[in-house]
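Read through the structure below, which is laid out as C-alpha cells, and then see the notes.
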Amino acid sequence: MTGRLRAQVRTGDTVARLGGDEFAIIQRQINDADETQVLGKRIIQAISEPYSLSGHKIHIGASIGIELIKGMYVDPDEVMRNADVALYKAKAEGRGCFRSFDPELHSVLGKRRLTETNLRRAITDPNAFEIHYQPQFDIKTNSVTGFEALVRWRDPVRGLIPPSEFIGVAEETGLIDKIGHFVLERACEDALSWPDHVSVAVNLSAVQFKTSRVAEVVVAALDRTGLPPRRIDLEITETVMLEDDKRAICTLSHLKRLGARISLDDFGTGFSSLSFLRRFPFDRIKIDQSFVRDMADNAGSMAIIRAVISICRSMGIDSIAEGIETPEQLAWLAKEGCDSVQGYLLGRPMKLADATALFAPRPRPMLRAVAG
Ligand code: C2E
Ligand code: MG
Ligand code: MG
10 MTGRLRAQVR TGDTVARLGG DEFAIIQRQI NDADETQVLG KRIIQAISEP YSLSGHKIHI
70 GASIGIELIK GMYVDPDEVM RNADVALYKA KAEGRGCFRS FDPELHSVLG KRRLTETNLR
130 RAITDPNAFE IHYQPQFDIK TNSVTGFEAL VRWRDPVRGL IPPSEFIGVA EETGLIDKIG
190 HFVLERACED ALSWPDHVSV AVNLSAVQFK TSRVAEVVVA ALDRTGLPPR RIDLEITETV
250 MLEDDKRAIC TLSHLKRLGA RISLDDFGTG FSSLSFLRRF PFDRIKIDQS FVRDMADNAG
310 SMAIIRAVIS ICRSMGIDSI AEGIETPEQL AWLAKEGCDS VQGYLLGRPM KLADATALFA
370 PRPRPMLRAV AG
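Start counting at 1 in the sequence shown, then tack on 9, and there's your number in our numbering.
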C-alpha cells in the first residue's frame with residue numbers, strides 16, 4: 010500500500026501513515042487546485058488495483074479528503090481537521106472518491122462528525138441509551154394494547170438527544186446494529202412488566218436488514234427474555250422492501266411464522282406502492298402522522314386516510330394512526346373505523362416506570378370509620 014502511494018508522488022512530497030488505515034500526503038509546489046485532484050484520482054486508481062495475498066486476489070478502495078493550503082503560515086491542526094471534514098464528505102457520498110474542503114462543510118459535517126465520535130464512545134456505555142414507551146390504544150375500548158419503544162441517547166453534555174439527531178449517523182456508520190440490538194433486548198425485557206395482552210413495538214432500520222441477521226437477533230432477544238413472540242411487533246418502513254426485496258421478505262416471513270407481528274410504519278410518506286401490500290402479508294399499517302396533522306385543512310389527507318383504512322379493512326390488516334394531538338382527530342378516526350391510535354393526546358413517550366404504572370390497580374376509596 011505504502012509502495013503504491015509513494016509511486017504516485019514526486020520527490021519532495023511526503024507520504025505518512027497516520028495510524029490504522031489512514032494515510033496523509035503532503036503535495037508541494039502545486040500551481041493550481043486541479044493538480045491535487047489529478048493526484049487524488051491517480052491514488053484511488055492505484056489503490057483499487059487488486060492485491061495478491063497468499064494466492065488470493067484482494068480488492069480495497071480509498072476515499073480522500075483534500076485541504077488546499079494557501080499562504081505561508083498555517084495551523085497544522087486546522088489543516089488536518091479540514092482534510093478530515095473533506096474525507097468525511099467523500100465517505101458520506103459513497104466512498105471511493107475525493108472531496109475538497111469547503112468552509113461551508115465545516116458546520117454541517119463537523120457537527121455530524123462530532124455526533125459520530127460521541128456516538129462511537131456512547132455505544133460502549135451501557136447507560137448511554139434509554140427507551141421511552143409511547144402507548145397505543147384500541148380506539149373502541151380505549152385501552153392500552155401496546156407500547157412503541159423509542160430510543161433516546163443521554164449525552165453527559167447535551168442531555169437527552171432525540172432519535173432524529175442520531176439514527177441517520179448510526180445508519181451511515183453501521184452503529185445502528187448495536188443500538189438496534191440493545192433496543193430489542195431491552196424492550197423485550199421491559200415488556201415483561203406489563204400484562205400478558207400488551208405488546209411492544211420495536212423499530213427496525215433498513216440498514217439492520219442489510220448488515221445483520223435480523224431474524225437471529227430477534228429470536229435471541231425473545232429466547233433470552235422469555236417474551237412470547239406474539240407480544241412483539243416489528244415496525245419496518247418501505248425502504249426495507251425497496252432495498253433487498255427477496256431477502257427482506259424471507260426474514261419477515263420467518264419472523265411472522267414464529268408469531269411476531271410485522272407493521273409497515275410511516276405509510277404514505279415514501280413510495281407507498283400498493284404492491285408492497287401484495288408481496289408481504291403485513292399485520293398492521295401505521296398511517297403516517299403527517300396525514301393526521303394535515304387532516305383539518307387538507308381534504309386530500311382525509312381522503313388518503315379513509316382509503317388506507319378501507320384497504321386495511323378489506324385485506325384484514327389492522328390500521329393504526331399516529332400523531333393524534335386533538336380530540337377532533339381522534340373522533341374522526343373513530344368514525345372512519347381506524348382500529349388503533351397513538352399520539353400526544355393519549356400519551357407521550359414515557360419512562361418504563363410510568364408505562365408500567367398505567368396498569369397499576371387504582372387505589373380504592375378508603376372506607377373511613379366515622380366516630381359517632
Ligand atoms: P416513528 O417510528 O414513526 O415514531 C413516531 C414518532 O412520532 C416518535 O418520535 C414519537 O415520539 C412521535 N410522536 C408520537 N406521537 C406524536 C404526536 O402526537 N405528535 C408529534 N408531533 N409527534 C408524535 P421520536 O421518538 O422522536 O422518533 C422518531 C423516529 O426515530 C421514529 O419514527 C423512528 O423512525 C426512529 N426511531 C426511534 N427509535 C428507534 C429505534 O429504536 N430504532 C430505529 N431504527 N429507529 C428508531
Ligand atoms: Mg415506528
Ligand atoms: Mg411512524
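Cβ atoms here follow ideal geometry from the backbone N, Cα and C, with glycine treated the same way.
Simplified DSSP assignment, three categories, for residue 65 | strand
Under three-state DSSP, which class holds residue 232?
-> helix
With 16 as the cutoff for other CB atoms within 10 Å, does residue 381 come out buried or exposed?
-> Confidence is the limiting factor: at residue 381 the pLDDT is only 42, short of 50, which leaves the residue's position unreliable, though a coordinate-based value still follows. Under this definition residue 381 is an exposed residue.
Note down the Cα distance separating residue 326 from residue 147, rounded to an integer number of angstroms.
-> 14 Å
Have a look at residue 201 and residue 12 and give me their C-alpha separation to the nearest angstrom.
-> 58 Å
Beta-carbon separation (whole angstroms), residue 199 vs residue 294, contact threshold 8 Å = Contact flag wrong, Cβ pair sits at about 25 Å.
Whole-number beta carbon distance between residue 285 and residue 247, since they are thought to touch under 8 Å = 6 Å
Is residue 410 helix, strand or coil when you go by DSSP?
-> It is not possible to answer for residue 410, since the shown part of the chain is limited to 10 through 381.
Indicate the three-state DSSP secondary structure (helix, strand or coil) for residue 181 in the structure shown.
-> helix
Cβ shell of residue 364 (< 6 Å), same chain only, five flanking positions each side left out | 142, 156
Relative to ligand 1, is the shortest distance from any of its heavy atoms to the C-beta of residue 172 smaller than 7 Å?
-> yes
Secondary structure at residue 359, three-state DSSP: helix, strand or coil?
-> strand
Taking 7 Å as the cut-off, does the CB of residue 331 come closer than this to any heavy atom belonging to ligand 3?
-> yes
Sequence-distant residues of the same chain with beta carbon closer than 6 Å to residue 21, five excluded per side = 37
Per DSSP, the bridge partner or partners of residue 272 | 244, 293
Same chain, Cβ closer than 6 Å to residue 317, five either side skipped, listed in chain order | 296
Beta-carbon proximity check, residue 108 vs residue 95, cutoff 8 Å | yes
Beta-carbon gap between residue 291 and residue 272 smaller than 8 Å | yes
Pull up the DSSP beta-bridge partners for residue 308, would you.
-> Partner(s): none; residue 308 has no beta bridge.
So is the beta-carbon of residue 358 under 7 Å away from any non-hydrogen atom of ligand 1?
-> yes
What residues are listed by DSSP as bridge partners for residue 73?
-> 107
Between the CA atoms of residue 353 and residue 361 - distance to the nearest angstrom | 17 Å
How is residue 56 classed by DSSP in three states: helix, strand or coil?
-> helix
Would you kindly check if the distance between the Cβ of residue 23 and the Cβ of residue 39 is under 8 Å?
-> no
Could you give the DSSP three-state label for residue 80: helix, strand or coil?
-> coil
Contact test: residue 214 Cβ vs ligand 1 heavy atom, cutoff 7 Å | yes
Run through the region 160-224 for me and flag every whole alpha helix (DSSP H) of 4 or more residues, listed as ranges in chain order.
-> 176-182, 185-200, 215-220
Alpha carbon to alpha carbon, what distance is there between residue 51 and residue 19?
-> 13 Å
Inter-residue spacing [alpha-carbon to alpha-carbon] between residue 60 and residue 32 = 18 Å
What's the call for residue 183, buried or exposed, on a 16-neighbour Cβ count within 10 Å?
-> exposed
Taking Cβ positions, are residue 346 and residue 298 nearer each other than 8 Å?
-> no
Would you give the residue range spanned by the alpha helix (DSSP H) that residue 94 belongs to?
-> 85-101
Leaving out five residues on either side along the sequence, give the residues of the same chain with a beta carbon under 8 Å from the beta carbon of residue 223.
-> 213, 217, 260, 264
Taking 7 Å as the cut-off, does the CB of residue 100 come closer than this to any heavy atom belonging to ligand 3?
-> no
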